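Worksheet: one structure, shown below.
Residue numbers (our numbering): 3 to 625.
See below:
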């Protein structure tokens, strides 16, 4: 699909949405967000598409895993079996290693897995999730070429304690407790939030059941997370955040793929300590964060190996907000960081011999960001970063975005960014798959979009994007090795979002078209399609709340025209879900949901199974 016509379409956008409706007060309130620019900025000035998922959305839609929340925004999730098995997030046609996850200021990118480990991230206790699309490597590092997901633990406010429990199909059950509030004292005031949750399921066969695989592959996960922000003085705050996940996942593997007794025990830990100074126009932040993962793999005969990874980041951020040109604000931010990574892998190579590898690297970075409003309605953000990598020397990247707001109804926006991704420790040194000859990738990202408020209660968003990656690091299925795919990989597409609310009805519609192509890993032949990227993907959510006692909801997810490795076509599928909640008392409610009610038999990864129709019953006690 050529996107030239979209640029022509956007050229007519100023003539859209300028009509005012009799009897309606046009109120457009933009909240401030930090995730898109690194500086508190009104949403309409960011120049990029940002999807916001609130705690209320998670509760209303009964979402327990982060991947399910991302799917509602039109992001494809490819999973090698049931809950807990390896997952990959495909944002804008690019694989999971191009999307970073930040929770409470901590990067969850796992250098041992070469991506974020999306499959065991639960949503318990989260107050907000922001999906920032487009290249944002200046702020979030080289793995944010497709975008970044930013989430925060809910803190502060009146004391709030929530108990939840549910059980359902596949011997699945979950229990959580979370609390948030504020502690006031004569010395300091603290906003806090924490949660503990346990999830367990007997699961389904990871290998496709229709191929004769009937063994269940279970998953368990005990997750804790917490954050506390203490105001020491009028200008000084101290923030501490922590996270841990401990569990077990059973999975299938082999050539050909079949039932097996493989399993992994995982322990993941993350923490952050930060101190912030905020004056009238100046602000300074100093923080240290750490993430590590320890995975032990085994079968019913022996321990097969282990994989350990760790990342530590120390960073400083400064910012200045001033009205230097009339009444137009200039916001400046700058920073420096040091990142150290370590990867250890103990396994058996293809010949059956034991093998151990251990490697580490360091990166130093400097960056600067400027946000300007030179004219009424016009906002421009410019950002640049320089990284000095221990193994690959230095490299500079930059980003420029602009947004122009014609009136309270319409905003035009655009973004151009360059990117740089050095090979990860896994890609370089993993036993069997590693390739020490790999070189960094370079990328260019473009997007243009228009946001229109059709009425005070209906918003629409249209975005066209184009991403080019030179010398992409991929996988050659013929050599079982990471390789440099010489040439240019293209991913382009269109995203449409419509959100509306009318009295007791709320509806959300997300459509994504992606055309992802890359050179053949073998170096010969025509370009091939990106694997596990649906050409068309649609997600519709509908909620009806007739009164304060009952709420009803439904969702429909459709993926069409998907291929897997070897140009194997995967079946199109529809996933229909319904849910209901009944408020028995002001603090106690019961709920139920059904998923895949059409019992669609489909695969998102060739050879791996997916769950059929299922049901869940649960309760929620809030006080």
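C-beta: ideal position from N, C-alpha, C; glycine also. These numbers were taken from a predicted model, which means no experiment stands behind them.
Neighbourhood of residue i by C-beta, 6 Å cutoff - its chain only, sequence neighbours within 5 removed
| i | result |
| --- | --- |
| residue 1 | There is simply no residue 1 to check, as the chain begins at 3 and stops at 625 in what is shown. |
| residue 241 | 231 and 276 |
| residue 311 | 112, 113, 114, 295 and 345 |
| residue 595 | 64, 581 and 618 |
| residue 238 | 279 |
| residue 513 | 498 and 540 |
| residue 341 | 315 and 365 |
| residue 622 | 166 and 591 |
| residue 416 | 404 and 450 |
| residue 368 | 338 and 388 |
| residue 140 | 369, 385, 387 and 401 |
| residue 266 | 251, 297 and 299 |
| residue 201 | 176 and 223 |
| residue 85 | 203 and 221 |
Proximity below 8 Å, CB of residue i to CB of residue j
| i | j | result |
| --- | --- | --- |
| residue 196 | residue 177 | no |
| residue 371 | residue 404 | no |
| residue 580 | residue 523 | no |
| residue 440 | residue 406 | no |
| residue 93 | residue 148 | yes |
| residue 183 | residue 161 | yes |
| residue 560 | residue 540 | yes |
| residue 211 | residue 611 | yes |
| residue 585 | residue 608 | no |
| residue 243 | residue 108 | yes |
| residue 39 | residue 397 | no |
| residue 476 | residue 446 | no |
| residue 98 | residue 117 | yes |
| residue 393 | residue 424 | yes |
| residue 583 | residue 557 | no |
| residue 45 | residue 55 | no |
For residue i: DSSP bridge partner residues
| i | result |
| --- | --- |
| residue 116 | Note: residue 116 sits in no beta bridge, so no partner. |
| residue 232 | 192 and 240 |
| residue 287 | 278 and 319 |
| residue 211 | None; residue 211 has no bridge partner. |
| residue 46 | DSSP output for residue 46 lists no bridge partner at all. |
| residue 223 | 201 and 249 |
| residue 340 | 316 and 366 |
| residue 132 | 54 and 152 |
| residue 420 | 446 |
| residue 324 | 332 |
| residue 2 | Outside the shown range of the chain, which is 3 to 625, sits residue 2, and nothing can be said about it. |
| residue 390 | 366 and 396 |
Residues near residue i by beta carbon distance below 7 Å, same chain, minus five either side
| i | result |
| --- | --- |
| residue 260 | 209, 215 and 254 |
| residue 601 | 614 and 615 |
| residue 504 | 459 |
| residue 31 | Reliability of the predicted coordinates at residue 31 is poor, the pLDDT of 45 falling under 50, and the value obtained from them is presented with this limitation in mind. Nothing listed; no residue qualifies. |
| residue 482 | 434 and 435 |
| residue 474 | 443, 487, 491 and 520 |
| residue 495 | 94, 95, 467, 514, 515, 516 and 517 |
| residue 566 | 533, 534, 572, 607 and 608 |
Supposed close pair residue i, residue j - CB separation, criterion 8 Å
| i | j | result |
| --- | --- | --- |
| residue 72 | residue 151 | 7 Å |
| residue 51 | residue 497 | 7 Å |
| residue 142 | residue 102 | 5 Å |
| residue 193 | residue 157 | 4 Å |
| residue 535 | residue 564 | 7 Å |
| residue 222 | residue 249 | 5 Å |
| residue 172 | residue 204 | 6 Å |
| residue 335 | residue 317 | Rounded, the Cβ-Cβ distance is 12 Å, inconsistent with contact. |
Enclosing alpha helix (DSSP H) for residue i [first to last residue]
| i | result |
| --- | --- |
| residue 427 | 427-431 |
| residue 593 | Not the alpha helix (DSSP H): residue 593 falls in the beta strand (DSSP E), residues 590-597. |
| residue 513 | Taken as a continuous stretch (DSSP letters only), residue 513 belongs to no alpha helix (DSSP H), being part of the beta strand (DSSP E) at 507-520. |
| residue 395 | Unbroken run through residue 395 is the beta strand (DSSP E), 395-407; no alpha helix (DSSP H). |
| residue 73 | 68-73 |
| residue 96 | Counting along the chain, residue 96 falls outside any alpha helix (DSSP H), and DSSP gives it neither H nor E. |
| residue 141 | 139-142 |
Beta-carbon contacts of residue i that lie in its chain and below 8 Å, excluding the five residues immediately before and after
| i | result |
| --- | --- |
| residue 88 | 81, 82, 121 and 253 |
| residue 570 | 608 |
For residue i, the first and last residue of its enclosing beta strand (DSSP E)
| i | result |
| --- | --- |
| residue 583 | 575-585 |
| residue 565 | 564-566 |
| residue 461 | 460-478 |
| residue 2 | As displayed, the chain neither begins before 3 nor continues past 625, which places residue 2 out of reach and without an answer. |
| residue 259 | First-last for residue 259: undefined, no H or E at that position. |
| residue 488 | 483-504 |
| residue 571 | 570-572 |
| residue 2 | In the structure displayed, the chain extends from 3 to 625; residue 2 sits before or after that span and is not available. |
| residue 121 | Segment: none, residue 121 is in no beta strand (DSSP E) and carries neither H nor E. |
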